[in-house]
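Participant: Pasting a structure below so you can have a look.
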Amino acid sequence: MSEGRSQSGFTLLEIAIALGLLAGVLVALAQVILYAGLTTVAARRVAVASVAASEKLEQLRGLAWGVDEAGGQVQDLQSDVSGAFVTESGGIGLSLSPGDSLGRDVPGFV
819 MSEGRSQSGF TLLEIAIALG LLAGVLVALA QVILYAGLTT VAARRVAVAS VAASEKLEQL
879 RGLAWGVDEA GGQVQDLQSD VSGAFVTESG GIGLSLSPGD SLGRDVPGFV
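For the sequence shown, the working numbering assigns the number 819 to the initial residue and increments by one for each residue that follows.
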């Protein structure tokens, strides 16, 4: 009976194996895309934190600090550096922070 039929084409088993392989590849690809998205979010957070820290350091470097001709210290002890912009008064400038400032929130210190 099958003498006149052509034998070209795929069997059901071959199609099932191909679909299984395709499903495995798609699952792996989805995991890679998810991991790439999470890594991108983490990298963005690190970049924003680095830029913010760099800007704060530039603010602090811009405050007066040094020694005058008579040998006295020149330092800014009144600028407010707790915000995004430095204001001329109302702050603590380059004053020393309290000893426990790492363990509690101290107004005026960032």
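Heads up, the beta-carbon is just placed ideally off N, CA and C, and yes, glycines get one too.
#1: Here's a check: name, in chain order, each residue in its chain whose Cβ is nearer than 7 Å to the Cβ of Pro916, leaving out the five neighbours to either side.
#2: What did DSSP end up calling Asp923 once you bin it into helix, strand or coil?
#3: My output table needs one value for Gln825: the three-state DSSP class, helix, strand or coil.
#4: Over what stretch of residues does the alpha helix (DSSP H) that includes Gln877 continue unbroken?
#5: Please tell me whether Val885 and Gln877 are closer than 8 Å, where the distance is taken between their beta carbons.
Facilitator: The answer reads as follows:
#1: Val924
#2: coil
#3: coil
#4: Leu830 to Arg879
#5: no
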